[in-house]
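Trainee: Please see the structure below; I have some questions.
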Amino acid sequence: GTPEDIIEAIDRGVDMFDCVMPTRNARNGTLFTSFGRVNIKAAKYRVDKTPIDEECSCYTCQNYSKGYLNHLFKTKELTYYRLSSIHNLHYYLNLVKDAREAILKKRFKVFKKEFYLKRAQ
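Going by this note's numbering, the first residue of the sequence shown is number 14, and it counts up by one from there.
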């Protein structure tokens with residue numbers, strides 16, 4: 014499911030997930046960030062020199078810009094699929110890792126609220 018679906022499922026006690034969404038969305042040009050989704054196909058990213066997500070530590074965000082990924086996607090370069098999948102999988106892994114840490118610190122409700130507030134910006 015979506016990141017929002019994952020957060021809601023965790024809130025209801027679900028603790029195991031198996032989903033193709035990160036890679037399927039990556040292949041189709043949708044990248045997940047701490048502030049919501051990025052549609053890398055959009056023309057506005059053609060010359061964007063910033064990473065997908067400034068807060069992300071994945072290989073893709075540390076080494077490539079949205080502009081370059083936009084170019085790779087538009088030219089159907091196979092490298093795009095790998096780089097975008099790396100990013101989306103990293104995003105999902107960090108999302109559930111952060112949720113787990115919040116649960117252990119007994120602050121999941123605060124974590125959930127912050128998650129939605131960030132996306133509303």
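Here a beta-carbon is modelled for each residue, glycine too, at the ideal position from N, C-alpha and C.
Could you give the residue range of the alpha helix (DSSP H) that holds arginine 113?
Mentor: 91–117
Trainee: If contact is defined by three or more beta carbon pairs under 8 Å, each pair taking one atom from either stretch, is the segment 107–123 in contact with the segment 77–90?
Mentor: Because the criterion of three Cβ pairs below 8 Å is not met, the segment 77–90 and the segment 107–123 do not touch.
Trainee: Three or more beta-carbon pairs under 8 Å between the segment 59–68 and the segment 34–43, yes or no?
Mentor: They do not touch, by the three-pair rule.
Trainee: Check this for me: beta carbons of phenylalanine 86 and lysine 54, under 8 Å apart or not?
Mentor: yes
Trainee: Which residue's Cα is closest to the Cα of alanine 22: Lys122, Gly80, Gln134?
Mentor: Measuring from the Cα of alanine 22, the nearest candidate turns out to be Lys122.
Trainee: Per DSSP, what kind of secondary structure is glycine 14 in: helix, strand or coil?
Mentor: coil
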